[in-house]
Every structure is written in structure tokens, then in C-alpha cells.
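Peer 1:
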Amino acid sequence: MRTELRGAVLEDMKAWSDVELVRAARAGDDSFGCFLWLLAPLASMSLGFVYGVAVACLGFVVVLALCALVARLRQLLPRVRKGRLAQREFELRFGLTALEHYEAEARSALERPASLEAVLLFQGTSLPHGGHRFIRIELAAESSIQIRSTPFLRDLWNVAEPGARMLKLDTPLSAAAADRVRELLRELTAEQLIAPSHFVYDGFPCAAVVLLRAAEPLRTQMNLAGIPSELRGHPSVRLLTLVLELEAEVSGGAGRQLTGATSASGDIEITMR
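Note that my numbering gives residue 249 to position 249 of the sequence shown, counting from 1, and the numbers run on in steps of one.
1. How would you call P151, buried or exposed, if buried means at least 16 neighbouring beta carbons within 10 angstroms?
2. Where do the N-terminal and C-terminal ends of the beta strand (DSSP E) with S108 fall, by residue?
3. For the 8 angstroms Cβ check, are there 3 or more pairs between the segment 188-199 and the segment 106-126?
4. Let's test the definition: count the other Cβ atoms within 10 Å of the Cβ of E247 and tell me whether it reaches 16, buried, or not, exposed.
5. For a quick check, are the C-beta atoms of V250 and L156 less than 7 angstroms apart?
6. Determine the burial state of V159: buried for a count of at least 16 other Cβ atoms within 10 Å of its Cβ, exposed for fewer.
7. Could you tell me which uninterrupted beta strand (DSSP E) segments, each at least 3 residues in length, are contained entirely in the segment 115-172, listed from first to last along the chain?
8. Are the segment 97-108 and the segment 177-196 in contact at 8 angstroms, needing three or more beta carbon pairs?
9. Between the C-alpha atoms of S17 and I194, what's the straight-line distance to the nearest angstrom?
10. Are the segment 171-179 and the segment 138-146 touching, with three or more C-beta to C-beta distances below 8 angstroms?
11. Only counting the same chain, and skipping five residues up and downstream in sequence, which positions put a Cβ closer than 8 angstroms to that of I227?
12. By the DSSP assignment, the alpha helix (DSSP H) with R81 in it spans what residues?
13. Just to confirm the assignment, what range does the beta strand (DSSP E) spanning L193 have?
14. Could you pull the DSSP bridge partners for L185 from this structure?
15. Apart from the five residues on each side of it in sequence, which residues of its chain come closer than 7 angstroms, Cβ to Cβ, to E20?
16. Is the Cβ-Cβ distance between N223 and P205 less than 7 angstroms?
17. Indicate the three-state DSSP secondary structure (helix, strand or coil) for R219 in the structure shown.
18. Taking the alpha-carbon positions, what's the L130 to A164 distance?
19. Out of curiosity, what's the CA-to-CA distance linking R107 and V80?
20. Return helix, strand or coil for V237, following the three-state DSSP convention.
21. Would you kindly work out how many angstroms separate the C-alpha atoms of E245 and L92, rounded to a whole number?
22. Going by DSSP, what residues sit across from C57 in a beta bridge?
23. Return the first residue and the last residue of the alpha helix (DSSP H) that A300 is part of.
24. Starting from P205, follow its DSSP beta bridges and name the residues at the other end.
25. A104: which of A225, E230 and P217 sits nearest, CA to CA?
26. Starting from the C-beta of L139, find all residues in its chain whose C-beta is less than 7 angstroms away, skip the five residues before and the five after it, and write them out in chain order.
27. Below 8 angstroms on the Cβ atoms is my contact criterion, and I expect A15 with A86 to pass it. Report the Cβ-Cβ distance as a whole number of Å.
28. Per DSSP, L212 is paired with what?
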């Protein structure tokens with residue numbers, strides 16, 4: 001019965017607007033739980049100062065058990081459960097779940113008798129400030145591109161008009177742009193897409209998978225922030241950069257988000273990507 005009810009709520013949420021999902025998801029915020037777990041060590045330290053170590057240890061166990069009970073009971077509240085479901089629907093709608101979730105649908109599309117040649121899936125996260133990005137490119141006789149861009153959910157809770165900060169775009173991809181993708185894909189192999197050694201704090205970690213008819217998928221992941229000049233020609237960088245270039249051309253830069261990269265030396269670089 002609980003599973004059926006959950007499924008009914010999720011089905012109902014598909015008709016909700018993006019802004020409605022954002023507002024409902026706030027009820028599922030776990031900040032309360034994070035503060036709650038701080039109670040156990042704070043209470044045990046207070047008891048330790050007054051009554052000694054033995055009472056402190058006993059108090060820690062008791063408070064920890066109470067915190068676990070309160071946290072569990074809170075998760076059972078209808079508004080909190082609904083908030084979690086709203087957050088899940090928001091993540092699905094904006095491509096924030098694992099790429100494997102979208103691969104299954106893309107493989108099914110490729111198996112159908114149609115003119116679809118390949119599906120390219122891209123995900124990126126701007127850190128520490130910025131948001132998420134999901135891009136799907138379908139190569140066919142009439143190619144298309146799907147773009148989903150949103151700030152972090154917590155940031156959307158703090159703006160008056162969250163809808164103005166989110167981008168959803170489904171549009172045809174020009175023949176010239178599609179040919180640029182085809183040309184690059186013809187050059188790539190799985191071995192070439194093994195990402196080189198490159199480390200940066202935060203930045204713009206992203207991943208992509210290319211699904212082709214009757215061929216093994218091509219995968220790569222890399223942090224595009226702070227790329228040294230000698231790595232800019234690497235196949236992984238070229239593929240990921242091309243996807244972002246096409247996104248910028250199609251959206252007119254509407255999907256750009258603020259991103260920050262912190263190098264190993266502590267330098268911070270803030271850019272728009």
C-alpha cells in the first residue's frame with residue numbers, strides 16, 4: 001500500500017511546475033537532521049564536565065538513541081516524505097541523477113528502428129558555487145539537443161523567482177553543429193578518452209557517455225577547471241568542451257553558471273561556464 005501511495009504521489013508530481021517542486025522539496029531538507037546529530041556529543045561533553053566520564057558516556061548513548069528516534073520519526077512526517085519525493089522528481093527532471101539512469105532510455109531509443117545514430121549524454125556540476133548541467137545530444141537525420149541547467153536546490157530556496165534561474169531547452173541541432181560532433185566521434189576510441197592526471201579542488205567536474213549503434217559506449221570524466229595548456233588538446237577535453245560550446249551557441253549563454261576552482265596552492269579562480 002505504501003509503495004502504491006508513493007507511486008501515486010510521484011505520478012501526480014509530474015504535472016507540477018518546476019517552481020512547485022522547488023518549494024515542496026524544501027520540506028525534505030535534511031538540515032534539521034544534521035543539527036540534531038550534533039546534540040549527542042554536545043550533551044555528553046556537558047555531562048562530562050559536571051558528572052564525570054562515566055555519566056558522559058552513558059549520556060552520549062542515551063542522547064544518540066533519542067536523536068536517532070527523532071530523526072526517524074521526522075522522516076515519517078507526510079510533508080517531509082512529500083518533500084523528498086519532490087526533490088527526487090526535480091532531480092529526474094533536470095538530469096541530476098546518475099548518468100546510468102538516462103543510459104537505459106538512450107539504449108532503448110537506439111534499438112528502435114529509426115534514423116537515430118548516436119546519443120551523447122553530459123553532466124557537469126559547478127563548484128563550489130554554481131549549479132548542475134545536463135545535456136543530451138541526439139545525432140540523426142534531424143539532430144536535436146536537450147539542455148537542463150539549474151542552480152543547487154538549496155540556492156533556489158533563497159531566491160524570490162526560482163523559475164528565472166532554471167533553464168530547460170529542447171531544440172533542433174543544426175546540421176553544421178551535428179557534423180562537428182560526428183567528426184570528433186569518428187576520431188575517438190575508448191583508450192583515447194581515458195582522462196589524464198589533472199587535479200583541482202572544486203571547479204567543474206563533468207562526465208559524458210556516447211552511445212552508438214552496435215558499438216561499445218565511449219565514456220570520459222574530467223574536471224574542466226584549471227586545465228593546463230598541454231592538456232587542452234586531449235580527446236576528453238575536446239569532447240567535453242565541444243558539448244559546452246554547442247550548449248552556449250544554442251542557448252545564447254542562458255545556461256551559464258558561476259563556478260569556482262581552487263588550485264592546490266590555494267588560488268581561487270571564479271569564472272562563468
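In this text, a Cβ means the ideal position worked out from N, Cα and C, and glycines have one as well.
Peer 2: Working from what's here:
1. With a 10 Å radius around the Cβ and a threshold of 16 neighbouring Cβ atoms, P151 comes out buried.
2. Run containing S108: none in the beta strand (DSSP E); it sits in the alpha helix (DSSP H), L99 to E111.
3. Contact fails: fewer than three Cβ-Cβ distances are below 8 angstroms.
4. E247 counts as buried, since at least 16 other C-beta atoms from the protein chains shown sit within 10 angstroms of its C-beta.
5. Against a cut-off of 7 angstroms, the Cβ pair of L156 and V250 comes out as no contact.
6. Exposed, because fewer than 16 other Cβ atoms sit within 10 Å of the Cβ of V159.
7. Runs found: 118-125, 131-139, 144-151 and 167-172.
8. No: fewer than three Cβ pairs fall under 8 angstroms.
9. Their Cα atoms are separated by approximately 39 angstroms.
10. At 8 angstroms Cβ cutoff, the stretches touch.
11. Take I227, set aside five residues on each side of it, and the residues of its chain with a beta-carbon closer than 8 angstroms to its own are H198 and V237, in chain order.
12. Counting along the chain, the alpha helix (DSSP H) containing R81 begins and ends at P78 to R93.
13. It is not in any beta strand (DSSP E) - L193 carries neither H nor E in the DSSP assignment.
14. BP columns for L185 are empty, so no partner.
15. Nothing meets the Cβ criterion.
16. For N223 and P205, yes; Cβs fall inside 7 angstroms.
17. In this structure, R219 counts as strand in the three-state DSSP scheme.
18. Checking the sequence, you will find Gly at residue 130 rather than Leu. The alpha-carbon atoms of G130 and A164 are separated by roughly 15 angstroms.
19. Taking the straight line from one Cα to the other gives about 35 angstroms.
20. Under the three-state reduction of DSSP, V237 is assigned to helix.
21. Per the coordinates, the alpha-carbon of E245 lies some 24 angstroms from the alpha-carbon of L92.
22. Answer by DSSP bridge pairing: none, since C57 is not bridged.
23. With the chain covering only 1 through 273, there is no way to say anything about residue 300.
24. N223, per the DSSP bridge assignment.
25. Ranked by how close their Cα comes to the Cα of A104, the residues A225, E230 and P217 have P217 in first place.
26. Cβ-Cβ distances below 7 angstroms link L139 to E117, A118, A178, V181 and R182 in the same chain, with the five nearest sequence neighbours on each side left out; the list follows chain order.
27. About 12 angstroms separates the two Cβ atoms, so there is no contact after all.
28. Note: L212 sits in a beta bridge opposite A118.
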